[in-house]
Amino acid sequence: GAQPSSDGQPTDGESQGQSQGTSQGQSQGQSQGQSQQDARPQQQGQQQRGQQQRGQHQQGRQQHGNQQQGNQQQGRDQRGQQQQGRHQHGNQQRGQQNQQGNRGPQQQHNRGRDQSAANDKGPEEFDDSNDLEHGEPPALSPAIECTGVLDWTGNGDGRLRQFADGLIETEDDPWLPQELAQRLGLRNAQRIVGEARLRRSQQRRRGGGGGGRSVRPYIDRVITIEGLDPEAYTAIRPFSEFTALDPAPRLSLEYPGCPPACRLIDLFCPIGYGTRGLIVAPPKAGKTILLQNIAFGIKRNHPNVELIALLIDERPEEVTDFKRNVPAQVLASSNDQDLDRHLSLGILAIERAKRMVEAGRDVVVLLDSLTRLGRAFNNSRKYGSSGRTGSGGLDSRALEVPKQLFGAARKCEEGGSLTIIATCLVDTGSRADQVIFEEFKGTGNMELILDRSISEKRIFPAINLAASGTRKEHLMLSERELKTITALRRRLLAVPPHAQIEQLLAACNRFATNDLMVGGAS
């Protein structure tokens, strides 16, 4: 170690060290400053590039937004033009309609030719996008004449059912607009003859498949109602305003070579114009054959009487047998069809009979069976769901409509008559069937009771004469017939039911006619 000098001045070693330290510090400071200066331009370049990229992104977003606004404005302009075009088209159509309304007969005739030419184009060339908004649907075919029975409840459009189809609903049934029905005062089940044209319905199809409007035949003009001019038919009084009378005179069933059942019914249970009759029968007692015998007798002796066979919930083979062998208009709903079919057919058939009575005709309805009709109404949601269940599981209101249908039978003072002969099942093992019979028992004016004990002996007709009869039978029997039948009843009560029928069948074989038998018995 060198020691400092005595006068305080540094020595040579100290001077050398200080100079080295100063030079090293300056060089380090310069190098650091130089490096910082070199780094600043790089950072500035990176910042400039980032700003340029952000500017480009913002510019792109602005351009995209402007483009979207332009597309939206263009779409609004196009929609405005379309709406303006539709308004102009609608105004043009209304103007054409006004002009057509002011045209003369010759111009209307020309318009008819133009319309016929337009109709020849076919449905696929017709544009009805605007016409459906005002008035009725446009026609797609020339007018055709059609006939049917109006099925209309007063709500919505009606349909014309065809007798050839058994009054069942089909897709080809013409539609009758509600406005037209209300304007003419039409009633349910009237026979209508009108002009129909194919038109597109105002309601679209439900579900998939394009959702287009279906093409249907619509009635444009009603030609006749029950064979009368629509204006003349307005004078016809409704069925509810007719005055009911006792059944008379007798509907004779006897004819040469007729079955013994026809002759026995004429004597012991006569049927008159307006009779409300019940055939009470257990299973396999011969009620179906008895109905057919009655139908043959009425049609043979009274050809002017309108005869309807109404089969509800019947076996399909029985329906076929009636259609082939019974001279009547057969309206059937077999037991392989749904509940709504039973209900609608039962109501429409009786309403149809009422409309014919209003026109002054005599109608006979053979109903098989009243029991099954009551079951159908009891099982329906509309008529059998009051919430109050009575004996046998029957709803308290289930038989209201069947009673109204059966009670429609009457002889009308104003003219015409409605006769209903209905079967009623008993001894089926069902408590409900027994309750239905008890509800209708006493509501008719003729009851014909079939006995199973007689049918089991293979004796037909299996009629229980002691329990069968007609109210006020003196209105349908002559005085001599009435005295003879009264004496026969008293005499036959002393023998069993099957013996009664056996004796009467023997008398029918001995005497060719009832007149001879009554004369011989007296």
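Start counting at 1 in the sequence shown, then tack on 3, and there's your number in the numbering used here. Yeah, the Cβ is synthetic: ideal placement off N, Cα and C, and Gly gets one too.
- Nearest C-alpha to Leu480 among Asn191, Ile239, Arg253: Arg253.
- Between Ile171 and Arg355 the beta-carbon gap is near 14 Å, outside 8 Å, which marks them as no contact.
- Within the region 281–311, the runs of alpha helix (DSSP H) at least 4 residues long that lie entirely inside it are, in chain order, 290–304.
- In this model, Ile488 and Leu294 are separated by some 23 Å (Cα to Cα).
- In the three-state reduction of the DSSP assignment, Cys265 falls in the helix class, which pools H, G and I.
- In the three-state scheme derived from DSSP, where H, G and I count as helix and E and B as strand, Met520 is classed as helix.
- Remark: three or more beta-carbon pairs, one from each stretch, lie closer than 8 Å, so the region 459–472 and the region 268–276 are flagged as touching.
- If only complete runs of 3 or more residues are kept, the region 386–440 shows the beta strand (DSSP E) at 413–415, 420–428, in order along the chain.
- The three-state secondary structure of Ile462, taken from DSSP, is coil.
- Around the beta carbon of Gln407, a 10 Å sphere encloses fewer than 16 other beta carbons of the protein chains shown; the residue is thus reported as exposed.
- One thing to note: Leu373 has its Cβ within 8 Å of the Cβ of Pro405.
- Per the coordinates, the alpha-carbon of Val283 lies some 7 Å from the alpha-carbon of Glu450.
- Taking a contact to require three or more Cβ pairs closer than 8 Å, the region 254–262 and the region 177–197 do not qualify as touching.
- Straight across, the Cα-Cα distance linking Thr246 with Gly418 is about 9 Å.
- As the crow flies, the alpha-carbon of Arg203 is around 56 Å from that of Arg474.
- In this chain, Gln193 is not harboured by any alpha helix (DSSP H), its DSSP state being neither H nor E.
- For the 8 Å CB-CB criterion, Thr422 and Ala412 form a contact.
- For Leu281 against Ala425, the beta-carbon gap comes to about 6 Å, under 8 Å, which counts as contact.
- CA-to-CA, the gap between Gln503 and Asp430 works out to about 22 Å.
- DSSP, read as helix, strand or coil, puts Ile488 in helix.
- Counting only the Cα atoms, Phe325 lies some 22 Å from Arg266.
- Annotation for Leu376: the continuous alpha helix (DSSP H) segment containing it runs 373–382.
- Here Arg219 is bridged, per DSSP, to Arg202.
- With a beta-carbon spacing of about 5 Å, Ser458 and Ala288 fall inside the 8 Å limit used to define contacts.
- The bridge partners DSSP lists for Gly230 come to none.
- Counting other Cβ atoms within 10 Å of its Cβ, Pro177 reaches 16 or more and is therefore classed as buried.
- In terms of Cβ geometry, Gln437 and Gly393 do not form a close pair [threshold 8 Å].
- By the Cβ criterion, the region 301–316 is in contact with the region 352–372, since at least three pairs of Cβ atoms, one from each stretch, lie closer than 8 Å.
- Leaving aside the five residues that flank Ser336 on each side, the residues in its chain whose CB is nearer than 6 Å to its CB run, in chain order, Ile315, Arg344, His345, Leu348.
- Residue pairing for Thr473: DSSP places it in a beta bridge opposite Met449.
- Distance between Asp154 and Lys357, taken at the CA atoms: about 14 Å.
- C-alpha of Arg303 to C-alpha of Leu519: approximately 21 Å in a straight line.
- According to the DSSP secondary-structure assignment, Cys149 is paired through a beta bridge with Gly197.
- Annotated as distal: Ile195 and Ile147, with beta-carbon spacing of 8 Å or more.
- Going by C-alpha positions, Leu189 is about 21 Å away from Thr173.
- In this structure, the straight-line span from the alpha carbon of Val322 to that of Pro285 is close to 20 Å.
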